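Since the structure comes first, as structure tokens, the remarks are kept for the end.
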Amino acid sequence: IFSDVEEAQPIEVFHLVKVFNEDDDPSKVNLTIGAYRTDEGKPYYIPVVKKAESVVLDGTLNHEYLPILGLESFTKAASQLLLGDITQRQEEGTIFGVQSISGSGALRVGAEFLVKHLKCTTFYYSIPTWENHHLIFMTSGFQNAKTYRYWNEETRSLDFDGFCEDLSNAPENAVIILHGCAHNPTGLDPTEDQWKKIAEIIKEHKLIPFFDNAYQGFASGDLEKDAWSVRYFLSQGFEFLCSQSFAKNYGLYNERAGNLTFVLNSVENVKAVKSQVTMIVRGMYSNPPNHGARTVSTILNNDVLKNEWMNTLKLMTDRIKAMRKSLRENLENLGTIGTWNHITDQTGMFSYTGLSASHVEYLRSKYHIYMLRSGRINICGLNTNNINYVAEAITDTLLN
Ligand code: PLP
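Per full-length UniProt numbering, the very first residue in the sequence shown carries number 3; after that it's consecutive.
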């Protein structure tokens with residue numbers, strides 16, 4: 003029965019990690035996967051997460067099912083983290099969260115809901131975007147994948163006019179995937195004024211915003227600032243969806259802690275919407291997992307732990323900023339071909355370096371430095387031990 007199955011392409015980022023792990027060159031550098039690394043190049047088990055886990059694992063819990071829509075202390079706190087003071091809206095029910103299998107699961111459940119219940123057929127994503135958006139939305143039943151311009155290759159900055167023009171040509175009811183902050187892979191976010199314009203176009207053309215928030219805290223180090231775009235849409239009376247991932251900002255990658263927030267304007271619609279999301283989850287994976295969500299909830303619902311978490315986030319983003327600055331300085335001091343201000347203009351974990359696929363190949367074969375074919379690097383893969391090596395390698399690559 004399996005003889006006609008065709009092999010799919012490997013997932014680039016995970017494939018590269020495998021090749022990297024098999025590479026025994028001592029100077030190898032991994033700038034591929036979107037995960038935080040310490041200055042020693044190690045994964046980071048955030049101390050406050052460890053503390054919260056000891057509370058979660060204190061022996062009082064059993065392994066009973068969570069409700070289909072998840073742990074309420076988690077979804078409520080998670081939606082508030084993103085949208086601010088929404089307790090009144092949560093009490094009346096017009097804003098509610100659905101626990102999800104991390105950010106990907108939130109996008110998947112939300113997308114399926116939009117297809118099934120709002121009859122959406124078309125979605126738009128930025129060029130470029132996180133490579134999984136397309137797969138998730140198509141798998142959810144969308145028929146048309148469309149793109150909006152975002153990255154200007156020449157200026158290595160945001161193509162805002164192109165972005166607006168493409169949104170203005172989108173058909174009514176099209177779903178627009180927006181990165182709340184720290185755009186992956188470019189590290190470029192619209193300014194507040196640009197967000198206002200985006201909101202205007204979305205309202206005028208009756209489009210549906212779907213905010214993807216995988217990096218709250220990682221753009222500026224300030225959770226409130228990083229939520230500005232989403233909160234602005236809320237203040238303008240939009241109805242919309244937001245996905246949240248706690249993989250990066252809690253270092254809970256494999257625990258799959260996420261949240262999907264629905265923002266509705268009418269109390270009358272709440273019951274039906276909730277019941278239909280319940281059916282989607284029930285038919286997809288039935289109930290969410292406990293551990294990651296309970297850990298996040300323990301932190302978000304305790305002021306002392308939450309403060310400690312925010313301080314850690316700030317340290318993590320400070321390290322990323324320091325690495326951006328150092329990479330740029332190194333490249334400029336070496337007289338590397340090109341301009342490098344975009345490295346520090348961008349925010350979040352990633353930098354879209356502007357290196358071509360052939361540069362990327364050269365860096366891998368000659369220097370054992372791994373990055374995505376698109377030239378995206380994870381800044382967290384840089385540290386005080388390898389940054390000179392990486393800068394020198396880029397300098398040489400651009401001469402060849
Ligand atoms: N959205 C964006 C833009 C991402 O970069 C990621 C992860 O890399 C996700 C969503 C979802 O990640 P996860 O499913 O691990 O939470």
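All residues carry an ideal CB built from backbone N, CA and C; glycine is no exception.
Just so it is clear, the structure is predicted and the values come from calculations on it, not from any experiment.
Three-state class that DSSP yields for C382 in the structure shown: In the structure shown, C382 sits in a helix (DSSP, three-state: H, G or I).
Check: D228 C-beta below 8 Å from any heavy atom of the ligand PLP: No; taking the cut-off as 8 Å, the Cβ of D228 has no heavy atom of the ligand PLP nearer than that.
Alpha carbon of E14 to alpha carbon of N303, nearest angstrom: About 38 Å.
Inter-residue Cα distance where the pair is R110 and K368: Straight-line Cα distance between these residues: approximately 39 Å.
Status (buried if at least 16 other CB within 10 Å, exposed otherwise) for F21: Correcting the residue identity first, residue 21 is Val in this sequence and not Phe. Result: exposed.
Coil, strand or helix - D214 by DSSP: It is a strand residue.
Contacts around residue 407, its chain only, beta-carbon distance under 6 Å, and the 5 residues preceding and following it disregarded: Residue 407 is absent from the model: the chain starts at 3 and stops at 402.
Touch test, the region 341-358 against the region 155-175, Cβ-Cβ under 8 Å, three pairs minimum: Contact annotation: the region 341-358 touches the region 155-175, with at least three C-beta pairs closer than 8 Å.
Cβ neighbours of T40 in the same chain (closer than 7 Å, five flanking residues each side left out): Excluding positions up to five away in sequence, the list reads Y46.
CB contact flag (M351, N385, <9 Å): Contact flag unset, no.
Endpoints, the alpha helix (DSSP H) within which A259 is located: First-last for A259: A259 to V265, but that is the beta strand (DSSP E), not the alpha helix (DSSP H).
Cβ pair count under 8 Å reaching 3, the region 215-233 against the region 175-191: The region 215-233, when compared against the region 175-191, does touch it at the 8 Å Cβ threshold.
Integer-rounded CB distance, given that Q278 should sit under 8 Å from H17: Rounded, the Cβ-Cβ distance is 37 Å, inconsistent with contact.
Cross-strand partners of F125 (DSSP beta bridge): In the DSSP secondary-structure assignment, F125 is bridged to A147 and V177.
Given 8 Å, three or more beta-carbon pairs between the region 268-287 and the region 126-142: The way I'd put it, the region 268-287 doesn't touch the region 126-142; fewer than three beta-carbon pairs between them come closer than 8 Å.
Separation of K208 from E174, as counted between CA atoms: Rounded to the nearest angstrom, the two C-alpha atoms are 5 Å apart.
Check: I381 C-beta below 8 Å from any heavy atom of the ligand PLP: No, since every heavy atom of the ligand PLP falls outside the 8 Å radius drawn around the Cβ of I381.
Candidates L317, F115, A80 and A172, of which the one nearest I301 by Cα: Selected option, being the one with the closest Cα: A80.
Bounding residues of the beta strand (DSSP E) (the contiguous stretch that carries V269): From DSSP, V269 is part of no beta strand (DSSP E); its letter is neither H nor E.
Residues proximal to the ligand PLP by C-beta, any heavy atom closer than 5 Å: Answer in sequence order: G36, S104, G105, S106, W132, N186, D214, A216, S247 and A249.
Endpoints, the alpha helix (DSSP H) within which F139 is located: Note, F139: alpha helix (DSSP H), N134 to T141.
Neighbour-count burial assignment, D60, 16 or more Cβ in a 10 Å radius: With fewer than 16 Cβ atoms within 10 Å of its Cβ, D60 is classed as exposed.
Pairwise C-alpha distance: G36 and V269: The alpha-carbon atoms of V269 and G36 are separated by roughly 39 Å.
Residues bridged to I371 [DSSP beta-bridge criterion]: Beta bridge pairing from DSSP links I371 with V31.
Nearest neighbour of H370, chosen from A10, Q11 and N23 [CA to CA]: Per the Cα distances, N23.
Supposed close pair F248, V265 - CB separation, criterion 8 Å: Their Cβ separation, rounded to whole angstroms, is 19 Å, which puts F248 and V265 out of contact at 8 Å.
Inter-stretch contact (C-beta, 8 Å, three-pair minimum) for the region 287-301 and the region 250-258: The region 287-301, when compared against the region 250-258, does touch it at the 8 Å Cβ threshold.
Check whether I396 and T338 have beta carbons under 9 Å apart: Here I396 is near T338, since their CB atoms are less than 9 Å apart.
Contact between the region 223-240 and the region 309-319 (3+ Cβ pairs under 8 Å): Contact holds between the region 223-240 and the region 309-319, because three or more Cβ pairs, one in each stretch, are under 8 Å apart.
Assigned secondary structure, S222 (DSSP; H/G/I helix, E/B strand, else coil): In the displayed model, S222 falls within coil according to three-state DSSP, outside both helix and strand.
Reduced DSSP secondary structure (H/G/I, E/B, other) of P49: Residue state for P49 is assigned as helix, using DSSP reduced to three classes.
Per DSSP, cross-strand counterpart(s) of G99: As a beta-bridge residue in DSSP terms, G99 pairs with T263.
Bounding residues of the beta strand (DSSP E) (the contiguous stretch that carries Y354): Residues F352 to Y354.
Same chain, Cβ closer than 8 Å to H136, five either side skipped, listed in chain order: Excluding residues within five positions, the ones whose Cβ falls inside 8 Å are Y127 and A147.
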